[in-house]
Amino acid sequence: MPASVIVGMQWGDEGKGRFVDVLAKEHSMVVRYQGGHNAGHTLVVDGETFVLQLVPSGVLYDAVTPVIGNGVVVDPIVLLAEIDRIEAAGIDCSRLQLAANAHLVLSYHQQLDALFEELRGESAIGTTLRGIGPAYADKSARDGVRVQDLLVPDAFRERVTHALLSKNVLLRGLGRDPIDPDSVVETYLGEIADRIRPYVTDTVATVNDALEAEQQVLFEGAQATFLDLDHGTYPFVTSSNPIAGAATVGAGVGPRHFGRIIGVAKAYVTRVGAGPFVTELDGPLADHIIDTGHEYGSNTGRRRRVGWFDVVQARQAVRLNSVTEVAVAKIDVLTGLDEVRICTHYELDGVRLRYPPALQTEMERVQPVYVTMPGWGAGDALPQEAMDFLARIQEEVELPVTFASVGPERGAEVRFDDGVAA
Ligand code: GDP
Ligand code: IMO
Ligand code: MG
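Numbering (numbering that gives the first Met the number 0), first residue to last: 0 to 421.
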């Protein structure tokens with residue numbers, strides 16, 4: 000089947016971008032299906048680092064058509080700046096296709112993201128403040144403004160003016176300055192709209208035509224399974240559905256095309272922002288992993304939280320995405336530890352659980368059950384102990400581990416076509 004998905008199995012930043020880069024050359028199209036510029040996907044190629052937020056990670060290959068699907072929320076200013084950065088590095092972006100139906104993230108979404116976080120006070124989510132939540136909320140409320148509206152000035156003015164009515168009632172009620180629709184409209188119409196226009200297409204036709212012609216199409220997930228609006232650790236989630244099934248809605252294709260679902264996980268777990276984290280570490284070991292793995296957000300620069308690999312979470316991710324194979328990133332970061340741990344079960348009131356409990360109140364009470372394994376030293380990219388660690392993950396999730404990466408650069412990954420030999 001011609002459609003494959005790369006999806007994060009944890010809380011984001013697993014290394015999805017780098018594995019998209021590995022697999023893109025075997026595909027003719029790479030499609031983003033959800034999220035927005037809350038994503039930061041890092042590719043390191045020939046010593047040059049690209050952090051992509053909206054442009055699909057296949058863009059570095061001339062033969063790949065990068066597509067931003069209808070399920071993505073697009074800040075046009077950010078998109079154009081990103082295109083400029085990529086083109087400055089000598090890579091042509093004229094092949095990029097942008098869904099006419101994708102919703103826009105506009106300046107007021109960003110303002111409201113900050114306001115809502117402020118109002119949440121102690122219970123703030125720790126969003127990326129990119130306006131993603133308010134943009135998806137407007138989409139659901141039928142107050143959204145779409146990419147195609149940018150191309151029709153009267154429609155854009157009408158949509159923005161309408162969207163701001165309820166927002167300004169709220170702002171005035173809080174004693175804040177209302178937002179002037181005319182200034183928003185002026186910001187985007189003109190140069191920005193003109194520059195966006197050439198990329199706007201019927202991406203449903205593009206993607207379906209490719210699939211019908213049996214071309215290989217790779218869907219690039221952003222965020223991750225446990226940031227999913229429905230299946231993540233609500234309310235500490237993002238406002239879209241990163242899980243693999245959402246590629247159908249977010250690109251306009253039916254489920255019959257999908258075959259290969261590559262779940263990406265780090266060799267440990269990280270999380271930016273608030274919310275439950277069963278295997279979280281603190282103290283010197285956490286500091287060591289953060290320093291060694293450079294665990295600061297590629298998007299917002301925030302220090303990530305870290306913990307041991309969580310198989311309970313991984314098993315749930317396998318279910319939620321129909322994962323067919325697992326790619327494990329950043330094995331090198333654990334090099335030099337005397338021992339490493341994997342959480343194989345949760346314990347709740349003396350009962351061992353293989354999957355997360357249904358209730359969040361229970362989730363907050365579970366204790367991790369670990370197996371401890373010997374660590375490994377520097378030397379070979381994947382010493383025997385590191386292979387044993389991968390084999391144990393493979394055994395616990397009951398799926399082949401087909402990739403392991405040992406450095407951020409393109410090429411610093413090992414491929415196991417039939418899974419890791421036990
Ligand atoms: P994404 O959002 O899932 O695409 O991941 P990010 O790019 O946000 O975060 C992954 C970070 O780890 C980036 O800084 C990558 O360059 C880096 N990285 C990816 N794979 C490896 C690896 O195998 N080893 C090391 N040391 N770094 C890696
Ligand atoms: P990639 O694609 C890691 C997190 C934020 C916050 C929560 C909600 O690079 O893996 P939002 O701005 O989406 O409303 O924030 O989701 N978050 C991410 N964490 N990687 C990401 O993307 C993320 N995108 C959002 O930190 O906790
Ligand atoms: Mg990231």
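Beta carbons are placed, not taken as given, at the ideal position from N, Cα and C, and that holds for glycine.
Starting from the N-terminal end, write out each residue whose C-beta falls within a distance shorter than 5 angstroms of any non-hydrogen atom of the ligand IMO.
G11, D12, N37, A38, G39, G125, T126, T127, I131, G132, A221, Q222, L226, T237, V271 and G272
Just tell me which of R171, G143, D348 and D176 has its CA closest to the CA of T160.
G143
Report the option in S139, G14, I288 and R314 whose CA atom is closest to the CA atom of Q222.
G14
Taking a contact to mean a Cβ-Cβ separation below 8 angstroms, would you say E25 touches Q215 in this structure?
The Cβ atoms of E25 and Q215 lie closer than 8 angstroms to each other.
Can E324 and P399 be called in contact, C-beta distance under 8 angstroms?
yes
Residues bridged to S122 by DSSP?
Beta-bridge pairing links S122 to no other residue.
Roughly how many angstroms separate the alpha carbons of P241 and G274, rounded to a whole number?
17 angstroms
Heavy atom of the ligand GTP within 7 angstroms of P241 beta-carbon
Although the ligand GTP was asked about, the structure shown includes only the ligand GDP, the ligand IMO and the ligand MG as ligands.
In this structure, does DSSP put V350 in helix, strand or coil?
strand
Does the CB of G16 have a neighbour CB from chain B at under 8 angstroms?
Any reference to chain B falls outside this structure, which holds one protein chain only.
Using three-state DSSP, classify M386 as helix, strand or coil.
helix
In terms of DSSP beta bridges, what is Q366 paired with?
E346
Over the uninterrupted alpha helix (DSSP H) stretch that includes Q312, give me the two end residues.
V310 to N320
Exposed or buried, Y354, counting other C-beta atoms within 10 Å across all chains shown (16 or more means buried)?
exposed
Going by DSSP, name the residue or residues bridged to S3.
L217 and R259
Given a cut-off of 8 angstroms on the beta-carbon distance, is the pair I5 and L217 in contact?
yes
Which residue comes first and which comes last in the beta strand (DSSP E) that contains S139?
Segment I131 to S139 is the alpha helix (DSSP H) holding S139; no beta strand (DSSP E) there.
Residues that DSSP places opposite H102 in a beta bridge:
V72 and R145
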